[in-house]
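Asker: Each step along the sequence shown adds one to the number in numbering that gives the first Met the number 0, with nothing skipped, and position 729 is 728.
Structure in structure tokens, see below.
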Amino acid sequence: MSEYDPQALQAKWQPRWEEMDPFRASEDAADPRERRYLLDMFPYPSGDLHMGHGEVFALADVIARYWFQRGYNVLHPIGWDSFGLPAENAAIKRDAHPAEWTYRNIETQANSFKRYGISFDWSRRLHTSDPDYFHWNQWLFNRFFERGLAYRKGGLVNWCPNDQTVLANEQVVAGKCERCGADVIRRELTQWYFKITDYAQRLLDDMGQLEGGWPERVMTMQRNWIGRSEGADVVFEIEGRDEPVHVFTTRPDTLFGATFFVVAVDAALADEIVTDEHRPAFEAYRAEVAKLSDIERLSTEKEKTGVFLGRHAINPVNGERIPVWAADYVLSDYGHGAIMAVPAHDQRDLDFARKFGLPVRVVVHTGLADPGETGVATSGEGEMVNSGPLDGLGKAEAIAKIIQVLEAEGRGRGAVNFRLRDWLLSRQRYWGTPIPIIHCPDCGEVPVPDEQLPVTLPDLRGEALAPKGVSPLASATDWVNVDCPKCGGRAQRDTDTMDTFVDSSWYFLRYCSPGYTDGPFDVEQVRRWGPIDQYVGGVEHAVLHLLYSRFFTKVLYDMGMVGFTEPFLRLLNQGQVINGGKAMSKSLGNGVDLGKQIDDFGVDAVRLTMVFAGPPEDDIDWADVSPAASQKFLARALRVMSEVTSEPGVPFEGGDVELRKVTHRTIDEVTKLVDSHRFNVAVARMMELTTAARRAIDSGPGAADPAVREAAETLAVMLSLVAPYTAEEGWERLGHQGGTVSKAGWPSAEPALLVRDLVTCVVQVAGKVRDRLEVSPEIAEDELRSIALASEKVRAYLQGEPRRVIVRAPKLVNIVP
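Below you can see the structure in the form of structure tokens.
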């Protein structure tokens, strides 16, 4: 270890790399190299890099550096997702401006990234809080507005009482704010939305493009969130109301079993139809429900509550009058905010019916006991009963027939419903992109003209940013009050800012031409680089950032600005870095500081530990790994590269054949392993090659043998993926002056050196050796089993089929007769 000084290597090579700038992507359209675009989910500048950053960027850099070695023209950019609440809260606490905290942290992280040796193209650096970036957020908003995809409406929204801002549905996790953990409440507000629901079916259909490239669990999460369901839109008349009410149901075949009608207590419909007699009880109930989160309301464990609204609905299939109730277990934004209740075949409806003494009518005979008696709804399939023309039919036939009847009578139609709701993008905070809309008393909502973009933020800081339930921008009257661009009359700017997920929904396109001034990106450059070949980041963004980015890409495709409909062809999710089996946290006192680990063990040892700990998608428990052991291995590897005495360029063919076979098998295996993202196993193969080279130096042909140089140079190139400082130093010590090992070129395995010799397989019967077989060391277990059982020597000791055959390919078969 005395020869291995990681801090000295870092001090030596970091400035050289900055001078060489080896990872700048070529913008030359005539460059014949195949282009590859690798993207990391860009960081938020909340402080210095942490252990999670250390893992994800180390993993992504393996792919980037491998592509560089393979000779591709690689785009591997870096930027910062730099708007958002943490900066604003820090500014309030420090009586400062959010930009001061933000850009200071960005510089800290940038320096740490350079120290960490990540292969970024620094010429493409961007920050979403720069006016020359959010200018194009506003430009894109105006284009969405023109296409009817950006709109403003009133209604109940998710409200975080701690952060004092609204949240999109996707930002509420188990009834809590995904950022701060506060219980989310519902609040009536007028907000801006993106009409992502217009793309719901395309978001589902285009997932076929991602098969095999995305983790299946992420695909499943997106499909579930979009939540496509087929059924019928059924028209119910409400006594005393002129307009009918539409109800979506996936089981129109059970219409004859509907015995009451439920309206969400917070839906406008409930407030409209409740009779004067029942209004006091209704309003008191509505106030109580307003205190509950959606999760609480939908819980199957919660006792059912509700109030009768004094009205009746007419069941369209049999003309029966059924009572209309308001309840908390129906949400106002589900379907049309109302449901038909079929208590025999829906557990929540049944619980409600039993609580309030409402009828239970079985219409699907499943062979199970009557739900009215057992209290257990029968939700499965069966034969239709008590259903007039549907009697005797199965589920599929009954659904098709009742839809046909409804459509013929004008009382409904077949329909598709989605769980997905429009993206609520307004935020009542300061540090974000101002929404480029001016509200005019005469002209209504008027987009800020493109030539007046960007709309920048007024200079607010400290207590002026404190949350007040409305945007802090509302207090900046000189900024708010403007002339209407249409009529010239007095008007006001919109005071909300955009959800920061807008910033990250298209940033990967801006990287293709970050200095472009005629639009959000140079369409031709995006055509050359897009779509992204490999995206690396956390699974926590499966239903947020990834879904929004897919939506943006489809809109831009429809606008003719991109030539693809899916932005990310392949996705790699990394696990978490934990400690002692638990997530790192200050309260648990189990945090690990990335900077200190680097100080103690060096960048390369930390990176190697991250990559070697396990498959990328698995969690890394820092209590179970050893950067000190990684450091020792790197010292051994560097010593091997340092001791080679042959000259660069010596022909390898004259070297030790056995060592050359190890080297070329390593090349073959590591290539396949990196291609399949099994980076930890690839590192293990590098360690084995180091051991083989060490043995050849110490007790084999010696340090001057060309095969030793070949092994050492192969090791340096491969090690550059995970330990760039050590690899660069080893490459120089191997006599390569100038240039960089990161562009040395990936070695090719010679097929002749991959042929393995036969190995001897011992075949035992009842624990005694009965035969020895010469087989390939790569033989499959099934093939070896067949060969062993076919052996005449073995068959002589068997009578009939053996009870058990244990195969340990390629060296052992144990047969239990």
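C-beta: ideal position from N, C-alpha, C; glycine also.
Computed from a predicted structure; not experimentally measured.
Ignore the nearest five residues each way along the sequence and tell me which others in Val171's own chain have a CB closer than 6 Å to its CB.
Answerer: Within the sequence shown, numbered from 1, the residue matching residue 171 stands at position 172. Same-chain partners within the cutoff: Asn157 and Val183.
Asker: Which residues mark the beginning and the end of the beta strand (DSSP E) in which Gln630 is found?
Answerer: Here residue 630 refers to the residue found at position 631 of the sequence shown. Note, Gln630: premise wrong, no beta strand (DSSP E); alpha helix (DSSP H) at Pro626 to Glu642.
Asker: What residue range does the beta strand (DSSP E) around Pro322 cover?
Answerer: Counting from 1 along the sequence shown, the entry for residue 322 is found at position 323. First-last of the beta strand (DSSP E) with Pro322: Arg320 to Ala326.
Asker: What number of angstroms, rounded off, separates the C-alpha of Arg807 from the C-alpha of Glu780?
Answerer: For the purposes of this step, residue 807 is taken as residue 808 along the sequence shown, with counting starting at 1. For the purposes of this step, residue 780 is taken as residue 781 along the sequence shown, with counting starting at 1. Roughly 7 Å separates the two Cα atoms.
Asker: State yes or no: is the C-beta of Val639 within less than 7 Å of the C-beta of Thr689?
Answerer: Here residue 639 refers to the residue found at position 640 when the sequence shown is read from its first residue. Here residue 689 refers to the residue found at position 690 when the sequence shown is read from its first residue. Their beta carbons are under 7 Å apart, which means Val639 touches Thr689 by this criterion.
Asker: For Arg412 versus Asp232, is the C-beta spacing smaller than 7 Å?
Answerer: If you number the sequence shown from 1, residue 412 lands on position 413. If you number the sequence shown from 1, residue 232 lands on position 233. Yes.
Asker: Under the three-state reduction of DSSP, which class applies to Val721: helix, strand or coil?
Answerer: One-based indexing of the sequence shown puts residue 721 at position 722. Three-state DSSP puts Val721 in coil, outside helix and strand.
Asker: Verify whether the separation of the beta carbon atoms of Tyr724 and Trp12 is less than 7 Å.
Answerer: Here residue 724 is taken as the residue at index 725 of the sequence shown, counted from 1. Here residue 12 is taken as the residue at index 13 of the sequence shown, counted from 1. Contact: yes.
Asker: Flag this pair as yes or no: are the beta carbons of Leu125 and Gly78 separated by less than 7 Å?
Answerer: Taking the first residue of the sequence shown as 1, we reach residue 125 at position 126. Taking the first residue of the sequence shown as 1, we reach residue 78 at position 79. Yes; because the gap between Cβ atoms is below 7 Å, this pair is in contact.
Asker: Smallest Cα separation from Arg732: which of Thr373, Val754, Lys767 and Ser645?
Answerer: Residue numbering aside, residue 732 sits at position 733 when the sequence shown is read from its first letter. That would be Ser645, whose Cα lies nearest to the Cα of Arg732.
Asker: Given a cut-off of 7 Å, decide if Ser741 and Phe112 are closer than it, judged by their beta-carbon atoms.
Answerer: In the sequence shown, residue 112 corresponds to position 113, counting from 1. In the sequence shown, residue 741 corresponds to position 742, counting from 1. Not a contact, by the Cβ cut-off of 7 Å.
Asker: Within the same chain, show all residues whose beta-carbon is closer than 7 Å to that of Leu452, passing over the 5 residues directly before and after it, in chain order.
Answerer: As a first step, residue 452 must be located in the sequence shown, where it is residue number 453. So the qualifying residues of the chain are His134, Gln137, Trp138 and Pro435.
Asker: On the CB-based measure, 16 or more other CB atoms within 10 Å of its CB, does Ala263 come out buried or exposed?
Answerer: As a first step, residue 263 is located in the sequence shown; it is residue number 264 there, counting from the start. Burial call: buried.
Asker: Just verifying my parser: in three-state terms, what is the DSSP assignment at Tyr150?
Answerer: Within the sequence shown, numbered from 1, the residue matching residue 150 stands at position 151. In this structure, Tyr150 counts as strand in the three-state DSSP scheme.
Asker: By DSSP's criteria, Cys179 is part of a beta bridge. Which residues make up the other side?
Answerer: Translated into the one-based positions of the sequence shown, residue 179 becomes position 180. Note: Cys179 sits in no beta bridge, so no partner.
Asker: Nearest by alpha-carbon distance to Asp275: which of Leu308, Ser292, Lys301 and Ala267 is it?
Answerer: As a first step, residue 275 is located in the sequence shown; it is residue number 276 there, counting from the start. Nearest option by C-alpha distance: Leu308.
Asker: Rounded to whole angstroms, what is the Cα-Cα separation between Leu254 and Gly239?
Answerer: Within the sequence shown, residue 254 is the residue found at index 255, counting from 1. Within the sequence shown, residue 239 is the residue found at index 240, counting from 1. Approximately 22 Å, taken between the alpha carbons.
Asker: For Val721, count the other beta carbons within 10 Å of its own beta carbon; 16 or more makes it buried, fewer makes it exposed. Which is it?
Answerer: Here residue 721 refers to the residue found at position 722 when the sequence shown is read from its first residue. Burial call: buried.
Asker: Quick one: Cα of Val73 to Cα of Arg35, how far?
Answerer: For this step, residue 73 is matched to residue 74 along the sequence shown. For this step, residue 35 is matched to residue 36 along the sequence shown. Going from the Cα of Val73 to the Cα of Arg35 covers about 5 Å.
Asker: Could you tell me which of Ile195, Asn161, Trp213 and Gly461 sits nearest to Leu424, measuring between CA atoms?
Answerer: Within the sequence shown, numbered from 1, the residue matching residue 424 stands at position 425. The option with the nearest alpha carbon to Leu424 is Ile195.
Asker: Select from Ala343, Gly409, Gly431 and Ala109 the residue whose C-alpha is nearest the C-alpha of Leu357.
Answerer: As a first step, residue 357 is located in the sequence shown; it is residue number 358 there, counting from the start. That would be Ala343, whose Cα lies nearest to the Cα of Leu357.
Asker: Indicate the three-state DSSP secondary structure (helix, strand or coil) for Ile814 in the structure shown.
Answerer: Within the sequence shown, numbered from 1, the residue matching residue 814 stands at position 815. Note: Ile814 maps to strand in three-state DSSP.
Asker: Restricting to Cα atoms, I'd like to know which of Asp458, Trp224, Val804 and Arg360 is closest to Val341.
Answerer: Translated into the one-based positions of the sequence shown, residue 341 becomes position 342. Here the closest residue by C-alpha is Arg360.
Asker: Which residues share a DSSP beta bridge with Gly305?
Answerer: The sequence position of residue 305 within the sequence shown is 306, counting from 1. DSSP lists Ala326 as partners of Gly305.
Asker: As an exercise, report each continuous alpha helix (DSSP H) stretch of at least 4 residues that is fully enclosed by the region 406 to 440, in chain order.
Answerer: For the region 406 to 440, not a single whole alpha helix (DSSP H) run of length 4 or above is found.
Asker: Strictly by DSSP, which residues pair up with Ala582?
Answerer: Position 583 of the sequence shown, counted from the first residue, corresponds to residue 582. Beta-bridge pairing links Ala582 to Ile577.
Asker: When the Cα of Gly744 is compared with those of Thr670, Arg15, Ala352 and Trp505, which residue comes out closest?
Answerer: In the sequence shown, the residue the question calls residue 744 occupies position 745. Answer by Cα proximity: Thr670.
Asker: State the beta-bridge partners of Lys354 as determined by DSSP.
Answerer: As a working mapping, residue 354 is identified with position 355 in the sequence shown. Paired residue(s): none; Lys354 is not in a bridge.
Asker: What separation, rounded to the nearest whole angstrom, lies between the Cα atoms of Met0 and Arg684?
Answerer: Locating residue 0 in the sequence shown gives position 1, where the first residue counts as 1. Locating residue 684 in the sequence shown gives position 685, where the first residue counts as 1. For Met0, the predicted structure reports a pLDDT of 41, less than 50, and the residue's modelled location is therefore unreliable. A value from the coordinates is still provided. Approximately 22 Å, taken between the alpha carbons.
Asker: Using alpha carbons as the reference points, say which of Asp674, Ala604, Met40 and Phe651 lies closest to Asn572.
Answerer: On the sequence shown, residue 572 is found 573 positions in, with the first residue counted as 1. Among Asp674, Ala604, Met40 and Phe651, the Cα nearest to that of Asn572 is on Met40.
Asker: Would you mind working out which of Pro97, Gln9 and Ala109 sits nearest His52, comparing C-alpha positions?
Answerer: On the sequence shown, position 53 is the one that residue 52 refers to. Out of Pro97, Gln9 and Ala109, Ala109 has the C-alpha closest to the C-alpha of His52.
Asker: Does the beta-carbon distance from Gln736 to Asn813 come in below 7 Å?
Answerer: To locate residue 736, count along the sequence shown from 1; it is residue 737. To locate residue 813, count along the sequence shown from 1; it is residue 814. In this structure, Asn813 does not lie closer than 7 Å to Gln736 by Cβ.
Asker: Using CA coordinates, which residue listed in Arg569, Asp493, His438 and Arg320 is at the minimum distance from Lys485?
Answerer: Residue 485 sits at position 486 when you count from the first residue of the sequence shown. Nearest option by C-alpha distance: His438.
Asker: Hey, quick one: how far does the alpha helix (DSSP H) through Tyr506 stretch, first residue to last?
Answerer: Along the sequence shown, one-based indexing puts residue 506 at 507. Element bounds for Tyr506: Tyr506 to Arg509.
Asker: When DSSP labels each residue in this structure, what does Tyr115 get in the three-state scheme?
Answerer: Reading the sequence shown from its first residue, position 116 is the one you call residue 115. Here Tyr115 sits in helix by DSSP.
Asker: Can you tell me whether DSSP reads Val542 as helix, strand or coil?
Answerer: As a working note, residue 542 is residue 543 in the sequence shown. In the structure shown, Val542 sits in coil (DSSP, three-state: anything other than H, G, I, E or B).
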